[in-house]
Amino acid sequence: MVLMLAILSWSAKNGSLSGRVTLPNGRPAVQAIVWFSGSIRSKALANAMVDQRNRSFIPHVSVVTVGTKVDFPNNDIIFHNVFTEFNSTKFDLGNYPKGTKRSQVFGQTGLAVIMCSIHPDMGAYVMVVDTPYYAITDKKGDYHISDVPSGRYGVQVWHESGAKASFETTTSDNSHIDIPLKR
Ligand SMILES: [Cu+2]
1 MVLMLAILSW SAKNGSLSGR VTLPNGRPAV QAIVWFSGSI RSKALANAMV DQRNRSFIPH
61 VSVVTVGTKV DFPNNDIIFH NVFTEFNSTK FDLGNYPKGT KRSQVFGQTG LAVIMCSIHP
121 DMGAYVMVVD TPYYAITDKK GDYHISDVPS GRYGVQVWHE SGAKASFETT TSDNSHIDIP
181 LKR
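Going left to right, the sequence shown walks through residues 1 to 183 as the numbering used here numbers them.
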């Protein structure tokens, strides 16, 4: 009984995974997405949004879990359109004016490339994952995924330049892994 309690308290202790992601040229990979792959499952997020302001999508890169409904409000002074290429399926949410919004549910994992047919310079990415463990790197290329149960995980990394990485790791306590991306 004492031994079982000891094992339970040991396995209940969560750690973290953090480090720096770099591009093939050695520079920091800014807004790279790091997420766990494999048998972990997640719940849909209660809310998620890609805003449209000043002729751009904000945020430029985001992560949602499978089944999440993403809102695309138009908070700009001009009309925008939203069309998405998601796992080789195209969705067109139409053209709509300031103060209105359209939404889309992402029911499977994959990368959604968000575009505006009116303004070809507008673009955003929504990565749909099936794990609660993910992070987007900051300006230094640093990521931090907290509250990770100790164990063996697949890790995927994506950057909009096309550089990526995937590997397996065993995490315990606070693991530090720097990730050089390749094309
Ligand atoms: Cu636009």
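Glycine is no exception: its CB is placed at the ideal position from the N, C-alpha and C atoms.
- Cβ neighbour criterion (16 or more within 10 Å) applied to V46: According to the sequence as given, residue 46 is Ala; it is not Val. Exposed, by the Cβ-count rule.
Worksheet item: At a cut-off of 7 Å, is H144 close to ligand 1 when judged by its beta-carbon and the heavy atoms of the ligand?
Response: Not so, every heavy atom of ligand 1 lies at least 7 Å from the Cβ.
| said: Tell me the DSSP secondary structure of Q104 in three-state form. | reply: It is a strand residue.
**Start and end residues, beta strand (DSSP E) containing K90** = Residues T89 to Y96.
So, is H176 buried or exposed, given that buried needs 16 or more other C-beta atoms within 10 angstroms?
Exposed: under 16 other Cβ atoms inside 10 Å.
Q.
My assumption, with CB atoms under 8 Å, is that V63 sits in contact with V50. Please give the rounded CB distance.
A. Actually they are not in contact, since the Cβ atoms of V63 and V50 sit about 12 Å apart, beyond 8 Å.
### Message
Looking at I145: is its Cβ nearer than 8 Å to the Cβ of S18?
### Response
Result yes, Cβ atoms of I145 and S18 sit closer than 8 Å.
CA-to-CA distance, Y96 to G15, given in whole angstroms: Roughly 45 Å between the two C-alpha positions.
- [ ] Give the C-beta separation of I118 and T84 to the nearest angstrom, bearing in mind that I take them to be a contact with Cβ-Cβ under 8 Å.
- [x] In this structure I118 is not in contact with T84, their Cβ atoms being roughly 15 Å apart against a cut-off of 8 Å.
query = Taking Cβ to Cβ, would you say G107 is nearer than 8 Å to V66?
reply = Yes; because the gap between Cβ atoms is below 8 Å, this pair is in contact.
Rounded to whole angstroms, what is the Cα-Cα separation between K139 and L111? Rounded to whole angstroms, K139 to L111 spans 22 Å at the Cα level.
- Task: Take R183 as the anchor and find which of E168, A163 and D121 has the nearest alpha-carbon.
- Result: Of E168, A163 and D121, the smallest CA-CA separation from R183 is found for A163.
N- and C-terminal bounds of the beta strand (DSSP E) containing G123
In the DSSP annotation of this structure, the continuous segment of the beta strand (DSSP E) that includes G123 starts and ends at G123 to V129.
Nearest residue (CA-CA) to F57, options P73, K43 and A44: Taking only the C-alpha atoms, the option nearest F57 is P73.
- Could you tell me which of T171, F86 and M127 sits nearest to V148, measuring between CA atoms? The residue from T171, F86 and M127 with its alpha-carbon nearest to that of V148 is T171.
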